[in-house]
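Protein chains in written order, with the numbering used here: chain A, 86 to 397; chain B, 60 to 336.
Have a look at the structure below before the remarks.
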Amino acid sequence: MSNRTLPRLLQSPAVLLLLVWMLVPLSMTLYFSFIRYVLNNLRRPEWTTPALSNWRGFGNYEFVLKSKDFLFAIQNSLLIVCSILFLTVILGVLIAVLINKSFPGQGIVRVLLISPFFVMPAVNAVLWINMILDPVLGLQGIAVAGLNEMVAGLREMPVLGGFFSLWPEFNPISFRATQTSAYAVIIMVTWQWTPFAILIFMTSLQSEDQQQKEAAILDGASTWSQFRFLTLPHLGRPIAIVVMIQAIFHLSLYAEIEIVSRGNGNKNLPYLIGEFANNNIGAASATGIFAVILANIVAIFLLRMIGKTLME
Amino acid sequence: MAIVAQNSKYGQTGRTILAWAVGLLFFFPIFWLVLTSFKTDADAVKPEFLFFFTPTLENYTNMTENYDYWRFATNSVITSVFATIFALAVGIPCAYAMAFNPSRATKDVLMWMLSTKMLPAAAVLYPMTFLTKSLGLFDTHFMVIIVLCLINLPIVVWMLFTYFKEIPKEIIEAGQMDGVNTWGEIKEILIPLAWGGIASTALLCFIFCWNEAYWTVRLTTTDAATLSKLIEGNRAPEGLFFGRLSAVSAAAVGPIIVLGWFCQKQLVQGLSFGAVK
Numbered sequence: 086m087s088n089r090t091l092p093r094l095l096q097s098p099a100v101l102l103l104l105v106w107m108l109v110p111l112s113m114t115l116y117f118s119f120i121r122y123v124l125n126n127l128r129r130p131e132w133t134t135p136a137l138s139n140w141r142g143f144g145n146y147e148f149v150l151k152s153k154d155f156l157f158a159i160q161n162s163l164l165i166v167c168s169i170l171f172l173t174v175i176l177g178v179l180i181a182v183l184i185n186k187s188f189p190g191q192g193i194v195r196v197l198l199i200s201p202f203f204v205m206p207a208v209n210a211v212l213w214i215n216m217i218l219d220p221v222l223g224l225q226g227i228a229v230a231g232l233n234e235m236v237a238g239l240r241e242m243p244v245l246g247g248f249f250s251l252w253p254e255f256n257p258i259s260f261r262a263t264q265t266s267a268y269a270v271i272i273m274v275t276w277q278w279t280p281f282a283i284l285i286f287m288t289s290l291q292s293e294d295q296q297q298k299e300a301a302i303l304d305g306a307s308t309w310s311q312f313r314f315l316t317l318p319h320l321g322r323p324i325a326i327v328v329m330i331q332a333i334f335h336l337s338l339y340a341e342i343e344i345v346s347r348g349n350g351n352k353n354l355p356y357l358i359g360e361f362a363n364n365n366i367g368a369a370s371a372t373g374i375f376a377v378i379l380a381n382i383v384a385i386f387l388l389r390m391i392g393k394t395l396m397e
Numbered sequence: 060m061a062i063v064a065q066n067s068k069y070g071q072t073g074r075t076i077l078a079w080a081v082g083l084l085f086f087f088p089i090f091w092l093v094l095t096s097f098k099t100d101a102d103a104v105k106p107e108f109l110f111f112f113t114p115t116l117e118n119y120t121n122m123t124e125n126y127d128y129w130r131f132a133t134n135s136v137i138t139s140v141f142a143t144i145f146a147l148a149v150g151i152p153c154a155y156a157m158a159f160n161p162s163r164a165t166k167d168v169l170m171w172m173l174s175t176k177m178l179p180a181a182a183v184l185y186p187m188t189f190l191t192k193s194l195g196l197f198d199t200h201f202m203v204i205i206v207l208c209l210i211n212l213p214i215v216v217w218m219l220f221t222y223f224k225e226i227p228k229e230i231i232e233a234g235q236m237d238g239v240n241t242w243g244e245i246k247e248i249l250i251p252l253a254w255g256g257i258a259s260t261a262l263l264c265f266i267f268c269w270n271e272a273y274w275t276v277r278l279t280t281t282d283a284a285t286l287s288k289l290i291e292g293n294r295a296p297e298g299l300f301f302g303r304l305s306a307v308s309a310a311a312v313g314p315i316i317v318l319g320w321f322c323q324k325q326l327v328q329g330l331s332f333g334a335v336k
């Protein structure tokens, strides 16, 4: 008996560390969310130190729920997360099916496709918002300007010119406004995470039942129905996993929002917490608790789903 | 039949072209970053120098003056390496215990570890800042290392656990028969056997540490600031400095992309927690 006690004790450092890491800050957040606690307040200096005498009950929660930003941040978080999930899953499935069968240079294409995933989020944001999406200096601006020039040239043509003169002048889109910057974030994160979806789906496709597939081909099943009735059901689980893991990562998206949309009103929950935390710690903490609840809803689904098969 | 064969031949060519197009499209932004890094700041924004320009290394040679690159890079290396070492030092014994001496609680403990990863970092932003400042650890390497180690510990334990599970129990038990103690089992039997798995876990952990961009930005100012902080802090009117900005960005992500190519498979296992094989 005793020769199993020591080995089991070996897991305690990791467990203890994670326990402290999770419980200490979280219980502080919970505590701060129920008291009045601000960093600067000249009229009520007693609020600048956390104390039970500043108890506010659910006041912070009420304050957060009533603030206009909160609803917007939730909507925006969901818009960003859902769009990214939708795009990465569709693109991921299509591309994974496309490159799954061998073709010349398959290995190289795989390496090209996976690369975006390893780009640091800060670099991802800086690269896209400046060098690609910028309406003047970025590739977008250059491409739109080039297109306009081309159309202007075509207008000079004798007969067809009349047709081209009906074309409007194209305007580049600025991705730094409140709503468009959310799209910029969606584009760059989709670029970064589609490779992850491809990788997971490809790994899963390799374990697809080939005999079943050959039988379907012999029976004259079209490529579409093979995909629809064999491949897609086979990908059900991996899709669920990709959705859940990404949901967790993207609900706490921060660097991209910070770089792309600082100060222009496009915010998600983590960003809103950061804003509150500049002064109103009580409100920041209450928002944090909401974020925890939101993440937990997602997490429960994930744990249920992958928990079963992990232990097989 | 001949028609079918013909069709599939065209199909094959078409698929190859399409696959390459998609691959190149996805890689293009990285290519563009590297290409821009060889242009001068003035050339980088001129449409006429889009693809044809006189390449220069000046952005790379001036990286130290422009951005103090090496200080941030050194911090990134130090924090990522030590965080990975600590995560392995704590994670290997833990995964060993779970894989070879499981108790009834093991499954729940693993699940709980995973759930800590789902805690949104922003929720504990202020308490963490408060704690690090009051302990005098704000902007220190020590704090960044601890935080990086802890946020990656669940993934490290999970990955190691899935690798260790594949090792037949009998081998470990044979060691016990020979009178090897627990420490000896880990050092002399487990680590040599699972070397490949441990190496790829370390690699993946290192990559995640290197790319981390929440705590490294929020808990540092200068002394322990990493490359994430450097890039994120540098948003001033970059319009005029595409060249030098690209050079420093390319230098920050280049090594990691190359490392990443070597651990694609492990990435799947690590991030899907072994659920996709």
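Don't be surprised by glycine CBs; every beta carbon is placed ideally from N, CA and C.
Small disclaimer: the values here were computed from a predicted structure and weren't measured.
Residue i to residue j, Cα distance in whole Å?
i: residue 126 of chain A; j: residue 369 of chain A; result: 16 Å
i: residue 219 of chain A; j: residue 83 of chain B; result: 21 Å
i: residue 390 of chain A; j: residue 167 of chain A; result: 19 Å
i: residue 323 of chain A; j: residue 185 of chain A; result: 15 Å
i: residue 287 of chain A; j: residue 250 of chain B; result: 30 Å
i: residue 200 of chain A; j: residue 322 of chain B; result: 11 Å
i: residue 284 of chain B; j: residue 101 of chain A; result: 28 Å
i: residue 103 of chain A; j: residue 275 of chain B; result: 19 Å
i: residue 78 of chain B; j: residue 72 of chain B; result: 10 Å
i: residue 292 of chain A; j: residue 153 of chain A; result: 49 Å
i: residue 180 of chain B; j: residue 273 of chain B; result: 8 Å
i: residue 285 of chain A; j: residue 143 of chain A; result: 43 Å
i: residue 105 of chain A; j: residue 194 of chain B; result: 15 Å
i: residue 240 of chain B; j: residue 148 of chain B; result: 18 Å
i: residue 197 of chain A; j: residue 384 of chain A; result: 32 Å
i: residue 375 of chain A; j: residue 137 of chain A; result: 22 Å
i: residue 89 of chain B; j: residue 253 of chain B; result: 34 Å
i: residue 193 of chain A; j: residue 276 of chain A; result: 18 Å
If I measure Cβ to Cβ from residue i and keep anything under 7 Å in the same chain, skipping five residues before and after, which residues do I get?
i: residue 301 of chain B; result: 95, 100, 103, 104
i: residue 63 of chain B; result: Bear in mind that the predicted position of residue 63 of chain B carries a pLDDT of just 45, short of 50, making it unreliable; the figure below should be weighed with that in mind. Excluding sequence neighbours, residue 63 of chain B sits near nothing in its chain.
i: residue 164 of chain A; result: 267
i: residue 303 of chain B; result: 100, 118, 121, 125
i: residue 197 of chain B; result: 191, 278
i: residue 273 of chain A; result: 209, 210, 213, 341
Excluding the 5 residues preceding and the 5 following residue i in the sequence, name in chain order all residues of the same chain whose CB lies nearer than 8 Å to its CB.
i: residue 111 of chain A; result: 377
i: residue 290 of chain B; result: 307, 308, 311
i: residue 288 of chain B; result: 131, 275, 276, 279
Is the separation between the beta-carbon of residue i and that of residue j shorter than 8 Å?
i: residue 261 of chain B; j: residue 128 of chain B; result: no
i: residue 231 of chain B; j: residue 244 of chain B; result: yes
i: residue 362 of chain A; j: residue 206 of chain A; result: no
i: residue 204 of chain B; j: residue 141 of chain B; result: yes
i: residue 186 of chain B; j: residue 231 of chain A; result: no
i: residue 109 of chain B; j: residue 150 of chain B; result: no
i: residue 266 of chain A; j: residue 364 of chain A; result: no
i: residue 210 of chain A; j: residue 344 of chain A; result: yes
i: residue 170 of chain A; j: residue 297 of chain A; result: no
i: residue 248 of chain B; j: residue 238 of chain B; result: no
i: residue 219 of chain B; j: residue 256 of chain B; result: yes
i: residue 375 of chain B; j: residue 191 of chain B; result: Since the first residue of chain B shown is 60 and the last is 336, residue 375 of chain B is not available in this structure.
i: residue 191 of chain A; j: residue 156 of chain B; result: no
i: residue 277 of chain B; j: residue 188 of chain A; result: no
i: residue 107 of chain A; j: residue 175 of chain B; result: yes
i: residue 239 of chain A; j: residue 255 of chain A; result: no
i: residue 351 of chain A; j: residue 358 of chain A; result: no
i: residue 207 of chain B; j: residue 153 of chain B; result: no
i: residue 149 of chain A; j: residue 371 of chain A; result: yes
i: residue 380 of chain A; j: residue 333 of chain A; result: yes
i: residue 139 of chain A; j: residue 128 of chain A; result: no
i: residue 315 of chain B; j: residue 266 of chain B; result: yes
i: residue 216 of chain A; j: residue 116 of chain B; result: no
i: residue 347 of chain A; j: residue 162 of chain B; result: no
So what does DSSP say about residue i, is it helix, strand or coil?
i: residue 252 of chain A; result: coil
i: residue 120 of chain A; result: strand
I want to see whether chain D comes within less than 8 Å of residue i, judged by CB atoms only; does it?
i: residue 213 of chain A; result: Structure shown: chain D not included; protein chains present are A and B.
Taking 6 Å as the limit between beta carbons, can you name the residues of its chain near residue i, skipping five residues before and five after?
i: residue 158 of chain A; result: 352, 353, 354, 357
i: residue 98 of chain B; result: 112, 302
- Item | Completely contained alpha helix (DSSP H) runs for the stretch 231–290 of chain A, where each covers 4 or more residues | 246–249, 263–290
- Task: Quick one: which unbroken alpha helix (DSSP H) runs of 4-plus residues sit fully inside the stretch 318–385 of chain A? Chain order, please.
- Result: 321–336, 340–346, 354–361
- In the stretch 215–258 of chain B, which residue ranges form an unbroken alpha helix (DSSP H) of at least 4 residues, counting only runs that do not cross its ends? 228–236
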